[in-house]
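Participant: What follows is a structure written as structure tokens; I'll ask about it next.
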Amino acid sequence: ADIKKDSDPMHIIHVTAEMAPIAKVGGLGDVVTGLARACLARGHTVDIMLPFYECIPKQQIKDLALVTTYNSYHDGNWVPTNAYHGVVSGIPVIFIEPSNQFFKGQYVYGGSYNELEAYLSFSRACLEWMQVTGTQPDIIHVHEWQTGALPLLYWDMYHYLSLKWTSKHEKSVLLRTELLIAGASKEQLSKSGLDGSIYATIEKAVDDRTIGHNPERLSLLKGGIVYSNAAVTVSPTYLKETLCTGWLASTLIRNRDKYFGILNGIDTAMWNPATDIFLPVKFNAQKPEGKKLCKYHVQRGLGLAPEGILDGNHVPDMTHKVPLVVCITRLVPQKGLHLISHAIKRIEELGGQMVILGKASDGRVEREFEELAKLHNQGPSIRVLLMFSEELSHMLYAAADMVLVPSLYEPCGLAQMIGMCYGAVPVVRKTGGLADTVFDMDDQSNHETANGFVFEGIDEGSLSQALDRALAHYRQKPDEWNGIVRKVMEVDNSWNNTAGKYIEVYNSVRVRL
Ligand code: ADP
Numbered sequence: 001a002d003i004k005k006d007s008d009p010m011h012i013i014h015v016t017a018e019m020a021p022i023a024k025v026g027g028l029g030d031v032v033t034g035l036a037r038a039c040l041a042r043g044h045t046v047d048i049m050l051p052f053y054e055c056i057p058k059q060q061i062k063d064l065a066l067v068t069t070y071n072s073y074h075d076g077n078w079v080p081t082n083a084y085h086g087v088v089s090g091i092p093v094i095f096i097e098p099s100n101q102f103f104k105g106q107y108v109y110g111g112s113y114n115e116l117e118a119y120l121s122f123s124r125a126c127l128e129w130m131q132v133t134g135t136q137p138d139i140i141h142v143h144e145w146q147t148g149a150l151p152l153l154y155w156d157m158y159h160y161l162s163l164k165w166t167s168k169h170e171k172s173v174l175l176r177t178e179l180l181i182a183g184a185s186k187e188q189l190s191k192s193g194l195d196g197s198i199y200a201t202i203e204k205a206v207d208d209r210t211i212g213h214n215p216e217r218l219s220l221l222k223g224g225i226v227y228s229n230a231a232v233t234v235s236p237t238y239l240k241e242t243l244c245t246g247w248l249a250s251t252l253i254r255n256r257d258k259y260f261g262i263l264n265g266i267d268t269a270m271w272n273p274a275t276d277i278f279l280p281v282k283f284n285a286q287k288p289e290g291k292k293l294c295k296y297h298v299q300r301g302l303g304l305a306p307e308g309i310l311d312g313n314h315v316p317d318m319t320h321k322v323p324l325v326v327c328i329t330r331l332v333p334q335k336g337l338h339l340i341s342h343a344i345k346r347i348e349e350l351g352g353q354m355v356i357l358g359k360a361s362d363g364r365v366e367r368e369f370e371e372l373a374k375l376h377n378q379g380p381s382i383r384v385l386l387m388f389s390e391e392l393s394h395m396l397y398a399a400a401d402m403v404l405v406p407s408l409y410e411p412c413g414l415a416q417m418i419g420m421c422y423g424a425v426p427v428v429r430k431t432g433g434l435a436d437t438v439f440d441m442d443d444q445s446n447h448e449t450a451n452g453f454v455f456e457g458i459d460e461g462s463l464s465q466a467l468d469r470a471l472a473h474y475r476q477k478p479d480e481w482n483g484i485v486r487k488v489m490e491v492d493n494s495w496n497n498t499a500g501k502y503i504e505v506y507n508s509v510r511v512r513l
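Last residue of the sequence shown: 513 (the numbering used here), numbering continuous.
Structure follows, in structure tokens:
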């Protein structure tokens with residue numbers, strides 16, 4: 001599709017701990033790549049600055065070359081540092097490689113170095129690189145706690161040093177966050193070259209969760225929010241929720257006029273049923289037949305009772321009407337574990353089918369779901385698959401009649417948006433970004449937007465009611481159901497649609513200076 005160019009192009013630098021696909025652990029990696037790609041398409045200059053993790057697969061970087069060798073300060077030393085340039089998935093990236101133990105190891109996180117100090121030093125190394133190379137971005141966009149110290153370093157240090165920068169106008173710093181947390185000590189912050197004690201006040205970076213607001217304990221994320229020109233969280237509803245509850249509420253209220261809620265998008269280069277390389281048959285809203293075949297393949301492949309027989313045209317006959325519900329998620333408490341296991345029971349009672357694709361990080365949760373797998377995986381209707389599989393996730397979204405997301409809280413949520421894009425009708429709990437993207441079919445006030453089934457309570461009964469309604473709808477009103485499937489596939493949850501909201505925020509902070 002042709003994307004309209006913005007009239008006043010900017011130079012935006014993202015400073016981040018993750019980037020999909022080369023250094024992706026979770027949603028952060030997807031967001032950075034998707035947003036950067038959308039802004040490039042709108043005519044902006046975009047660079048991503050990423051630690052040069054030892055585990056990054058170098059063969060996935062195009063035109064990798066050393067561009068700068070310089071020194072960056074950390075903990076009393078000037079650390080020789082290399083900056084490389086390369087192109088990943090069409091996006092220019094600067095890789096920062098300090099000559100110490102930071103970012104060495106098999107994985108993005110969990111190496112045998114102090115992570116907090118490593119990201120603190122990375123934040124400074126990025127600013128130092130901009131200074132030594134005379135790079136003059138209009139916007140520095142930092143992400144999450146890892147780069148939360150960068151706004152402090154910029155405004156209290158590089159802003160003054162940058163008198164040497166011959167910039168026409170000031171740079172702005174913007175922080176994007178799901179408000180996940182990490183604490184720092186005053187001493188740790190001081191290793192960046194800032195005087196940690198200056199930030200040990202309630203207005204600045206003291207971690208509000210500590211008893212008596214202990215001035216020894218700081219939060220990089222809170223400091224980042226206070227010191228950035230704008231802070232963005234990942235949905236309008238999550239913005240409201242975080243102003244009401246949680247340890248950062250008072251900080252966010254104090255900074256309300258620069259706090260925004262913008263939904264994440266999905267990267268349609270990766271998620272598109274019309275082009276998806278993992279699907280045996282492609283489909284789209286205008287030609288949805290392929291979806292039935294995807295369902296048939298998944299049912300066959302997983303040994304679930306298939307709902308029809310292939311007729312002469314190889315399109316499964318749909319007379320049996322067994323709805324297939326999928327739930328693809330990290331198995332952590334946030335995602336509503338008791339509701340996920342309750343869904344198995346209820347869907348079985350209702351004569352539907354369910355596939356859970358999930359990975360647990362906690363041993364107790366893993367054992368609990370292993371028990372469920374043992375109980376159900378030989379039967380005709382339920383599969384509990386305890387693994388991470390990108391390929392299988394694409395197949396399941398394509399096969400599903402419904403995608404279940406029963407989270408207790410959900411800053412934005414991608415699963416419901418991806419599901420919709422693949423014609424799976426969402427069944428979700430009304431919280432955070434789920435409340436901003438899914439609107440109940442049976443709520444008369446939603447006639448235009450209605451696209452799924454929503455419940456509010458965190459109890460099993462609330463979920464049962466939503467599942468009952470969804471499955472009844474599917475069985476009793478097949479024509480109307482096909483209409484919803486088409487409608488959810490036509491919803492534009494892509495970055496092309498939401499990147500414009502970031503551009504507006506970028507512009508508003510530029511004007512303010
Ligand atoms: P979170 O970022 O909290 O994990 P999101 O809904 O924002 O939740 O994003 C989750 C992403 O991870 C989705 O793309 C989902 O498909 C994917 N995912 C989660 N668990 C698995 C799994 N076990 N296998 C494959 N993909 C998974």
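Quick reminder that beta carbons are idealized off the backbone N, C-alpha and C, glycines included.
Tell me the rounded alpha-carbon separation between Q188 and E117.
Facilitator: Taking the first residue of the sequence shown as position 1, residue 188 is located at position 188. Taking the first residue of the sequence shown as position 1, residue 117 is located at position 117. Cα to Cα, the separation comes out at about 7 angstroms.
Participant: Measure from the alpha carbon of L467 to the alpha carbon of each residue in A415, K345, A205, R256, then state which is nearest.
Facilitator: The residue you call residue 467 lines up with position 467 of the sequence shown. Here the closest residue by C-alpha is K345.
Participant: So does L357 have its beta carbon nearer than 6 angstroms to some heavy atom of the ligand ADP?
Facilitator: Working through the sequence shown from its first residue, we reach residue 357 at position 357. The answer is yes for L357.
Participant: Please report the distance separating the alpha-carbon of H11 from that of V505.
Facilitator: The residue you call residue 11 lines up with position 11 of the sequence shown. The residue you call residue 505 lines up with position 505 of the sequence shown. C-alpha separation (whole angstroms): 14 angstroms.
Participant: Under three-state DSSP, which class holds E349?
Facilitator: Here residue 349 refers to the residue found at position 349 when the sequence shown is read from its first residue. Here E349 sits in helix by DSSP.
Participant: Tell me where the alpha helix (DSSP H) around P9 begins and ends.
Facilitator: Translated into the one-based positions of the sequence shown, residue 9 becomes position 9. P9 -> no alpha helix (DSSP H), and no H or E assigned at all.
Participant: Tell me which residues share the same chain as L350 and place their Cβ nearer than 6 angstroms to its Cβ, disregarding the 5 neighbours each side in the sequence.
Facilitator: The residue given as residue 350 occupies position 350 in the sequence shown. Answer for L350: L471, listed in chain order.
Participant: Short check: CB of L357 to CB of L396, under 7 angstroms?
Facilitator: Taking the first residue of the sequence shown as position 1, residue 357 is located at position 357. Taking the first residue of the sequence shown as position 1, residue 396 is located at position 396. Yes, these two residues count as a Cβ contact at 7 angstroms.
Participant: Considering only DSSP beta bridges, list what V31 is partnered with.
Facilitator: Looking up residue 31 in the sequence shown gives position 31. Looking at the DSSP assignment, V31 forms no beta bridge with any residue, so it has no partner.
Participant: Cβ of I61 within 7 angstroms of Cβ of G90?
Facilitator: As a working note, residue 61 is residue 61 in the sequence shown. As a working note, residue 90 is residue 90 in the sequence shown. Cβ distance not < 7 angstroms, so I61 and G90 don't count as in contact.
Participant: Since V93 and L50 should fall inside the 8 angstroms C-beta cutoff, what is the C-beta to C-beta distance between them, to a whole number of angstroms?
Facilitator: For this step, residue 93 is matched to residue 93 along the sequence shown. For this step, residue 50 is matched to residue 50 along the sequence shown. Sure, about 6 angstroms apart at Cβ, within 8 angstroms.
Participant: Tell me which same chain residues have a C-beta within less than 6 angstroms of the C-beta of P280, skipping the five on either side of it?
Facilitator: Taking the first residue of the sequence shown as 1, we reach residue 280 at position 280. Result list for P280: H297, in chain order.
Participant: Helix, strand or coil, according to DSSP, for Y73 in the structure here?
Facilitator: The residue given as residue 73 occupies position 73 in the sequence shown. Y73: strand per DSSP, three-state reduction.
Participant: Just verifying my parser: in three-state terms, what is the DSSP assignment at C421?
Facilitator: Taking the sequence shown and counting its residues from 1, one reaches residue 421 at position 421. Here C421 sits in helix by DSSP.
Participant: Enumerated in chain order, which unbroken segments of the beta strand (DSSP E) with a length of 3 residues or greater are wholly contained in the stretch 121-176?
Facilitator: For the stretch 121-176, whole beta strand (DSSP E) runs of length 3 or above, ordered along the chain, are 139-143.
Participant: Using DSSP with H/G/I as helix, E/B as strand and the rest coil, what is R364?
Facilitator: Within the sequence shown, numbered from 1, the residue matching residue 364 stands at position 364. R364: helix per DSSP, three-state reduction.
Participant: Quick one: Cα of I202 to Cα of S228, how far?
Facilitator: Reading the sequence shown from its first residue, position 202 is the one you call residue 202. Reading the sequence shown from its first residue, position 228 is the one you call residue 228. Cα to Cα, the separation comes out at about 16 angstroms.
Participant: Using the C-alpha atoms, what's the distance from I262 back to S494?
Facilitator: Counting from one through the sequence shown, the residue named residue 494 turns up at place 494. Counting from one through the sequence shown, the residue named residue 262 turns up at place 262. Approximately 13 angstroms, taken between the alpha carbons.
Participant: Indicate whether N82 and E97 have their beta-carbon atoms separated by less than 7 angstroms.
Facilitator: Counting from 1 along the sequence shown, the entry for residue 82 is found at position 82. Counting from 1 along the sequence shown, the entry for residue 97 is found at position 97. A contact, by the Cβ cut-off of 7 angstroms.
Participant: In terms of residue numbering, what span does the alpha helix (DSSP H) encompassing D479 cover?
Facilitator: On the sequence shown, position 479 is the one that residue 479 refers to. Element bounds for D479: 478-490.
Participant: Who are the near neighbours of E490 in its chain, counting only those whose CB is closer than 6 angstroms to its CB and skipping five residues on each side?
Facilitator: Within the sequence shown, the letter at position 490 stands for residue 490. So the list reads A285, once near-sequence residues are dropped.
Participant: Flag this pair as touching only if the stretch 55-73 and the stretch 18-35 have three or more C-beta atom pairs under 8 angstroms; answer yes or no.
Facilitator: A contact exists between the stretch 55-73 and the stretch 18-35.
Participant: Taking the straight line between their C-alpha atoms, what separation do you get for L163 and V32?
Facilitator: Position 163 of the sequence shown holds residue 163. Position 32 of the sequence shown holds residue 32. Caution applies to L163, whose pLDDT of 47 falls short of 50 and renders its modelled position unreliable; the model cannot decide the point.
Participant: On a Cα-Cα basis, can you pick out the residue from A424, A17, A450 that is closest to D30?
Facilitator: Within the sequence shown, residue 30 is the residue found at index 30, counting from 1. Selected option, being the one with the closest Cα: A17.
Participant: Among the residues of its own chain, which have a CB less than 7 angstroms from the CB of R469, if the five just before and after it don't count?
Facilitator: Taking the first residue of the sequence shown as 1, we reach residue 469 at position 469. Correct list, in chain order: D442, F453.
Participant: From K487 to P411, what distance separates their C-alpha atoms?
Facilitator: Position 487 of the sequence shown, counting from 1, holds the residue named residue 487. Position 411 of the sequence shown, counting from 1, holds the residue named residue 411. Their backbone Cα atoms lie some 24 angstroms apart in a straight line.
Participant: Measure the beta-carbon distance from F52 to F95 and round it to whole angstroms, keeping in mind my assumption that it falls under 8 angstroms.
Facilitator: Here the question's residue 52 lines up with position 52 in the sequence shown. Here the question's residue 95 lines up with position 95 in the sequence shown. 4 angstroms between Cβ atoms; contact.
Participant: Is G265 near the ligand ADP, with its Cβ less than 6 angstroms from a heavy atom?
Facilitator: Walking along the sequence shown from the start, residue 265 turns up at place 265. Checking every heavy atom of the ligand ADP against the Cβ of G265, none is found closer than 6 angstroms.
Participant: Decide if L252 is buried, meaning its Cβ has at least 16 other Cβ atoms within 10 Å, or exposed.
Facilitator: Translated into the one-based positions of the sequence shown, residue 252 becomes position 252. That one is buried.
Participant: Can you tell me where the beta strand (DSSP E) with G433 in it begins and where it stops?
Facilitator: By 1-based counting over the sequence shown, the position of residue 433 is 433. No beta strand (DSSP E) holds G433; the alpha helix (DSSP H) holding it covers 432-437.
Participant: Rounded C-beta distance between A399 and G419? I'm assuming under 8 angstroms.
Facilitator: Locating residue 399 in the sequence shown gives position 399, counting from the first residue. Locating residue 419 in the sequence shown gives position 419, counting from the first residue. The Cβ separation is near 11 angstroms, so there is no contact.
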